[in-house]
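Just so we're aligned, residue 3 is where the sequence shown starts under the numbering used here, counting upward by one.
Quick reminder that beta carbons are idealized off the backbone N, C-alpha and C, glycines included.
Heads up, the thing below is written out as structure tokens.
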Amino acid sequence: MQNWLFDIRSRSFVLLTILFLILTGLVYSGITESFDQSIVSFFSQNVGNPTLDIIMQYVTESGDVFNMLVFGIVMLIIPKTRRIGITLMILIVLSTLLTGYIKCGIDRDRPDFDYEGVEFPVEISRDTFALFCEGGFDASYPSGHAARAMIFGIILGYALSERFPRGAYLLFLYPVMISLSRIYVLQHYPMDVIGGTVIGIMLAGVMANRTKLYKIFDKSKT
């Protein structure tokens, strides 16, 4: 998974930046509105399975910034995973702030559909943090949950890639589940989670390279 780590001047970062700008332009112009509305409308009309509703609610809450910070702190405390913990902590904070300020700039409303599934056992978080930004909590694009989930998939997948070269890719199921859950509980549109995912890839690839995450493999060989 070495290809997932790249420099800010690399072709990968440039291409991802261009992709994100294109996605943002499409969302801001309203071109994707019909597509987004149709997908969210489908989900809003097909909730009501008690088991699936509860699962989706807990899946989406696992991507809450505070839950992820707790996980990062635990990784930071354990000596063998300290470098992973440092990388995760930086990325969790950075991605939450970055997506928050982009939301303020784009100012896209969240889906306006009534959730008719099982009553939430916990309050669904929006966790948008942007100082001096009015209405940020109600903004939708891009998804901070999707960004953080992709960061977790990349960082933890990379950390496990040497010992479990194939199994490590299973961690990418997590960001997929988070993204689906955010649409399912009517907190985001599809383009929101796609945009958040691209940000997560960009940040994780660059920051993991800057924190020299690859050195965890050197320690495991000694």
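| Item | Value |
| --- | --- |
| Anyone know if the C-beta pair for V42 and I180 falls short of 8 Å? | no |
| Which residues in the same chain as G155 place their Cβ atom closer than 6 Å to its Cβ, once the five residues preceding and following it in sequence are excluded? | L173, F174, Y176, P177 |
| Let me make sure I understand the geometry here. Which of L21, N211, V61, G50 has the alpha-carbon closest to that of I196? | L21 |
| Three-state secondary structure (DSSP) at D116? | coil |
| So, is K105 buried or exposed, given that buried needs 16 or more other C-beta atoms within 10 angstroms? | buried |
| Tell me whether D66 sits in a helix, a strand or coil according to DSSP, three-state version. | coil |
| Ends of the alpha helix (DSSP H) at G202? | 192 to 212 |
| Measuring only the C-alpha atoms, how far is A149 from A141? | 15 Å |
| Evaluate V187 with the Cβ neighbour count: other Cβ atoms within 10 Å of its Cβ, from every protein chain shown; 16 or more gives buried, anything less gives exposed. | buried |
| Which residue's Cα is closest to the Cα of R85: Y160, M152, G202, P144? | Y160 |
| Pull up the distance between the alpha-carbon of S14 and that of S163, whole angstroms please. | 20 Å |
| Any idea what DSSP makes of D38, helix, strand or coil? | helix |
| Please work out which residues of its chain come closer than 8 Å, Cβ to Cβ, to I157, disregarding the five sequence neighbours upstream and downstream, and give them in chain order. | I86, T89, L90, L93, A206, A210, L215 |
| Taking all protein chains shown into account, decide if R212 is buried (16 or more other Cβ within 10 angstroms of its Cβ) or exposed. | exposed |
| Among Y30, I201, N51, which one has its Cα closest to the Cα of I108? | Y30 |
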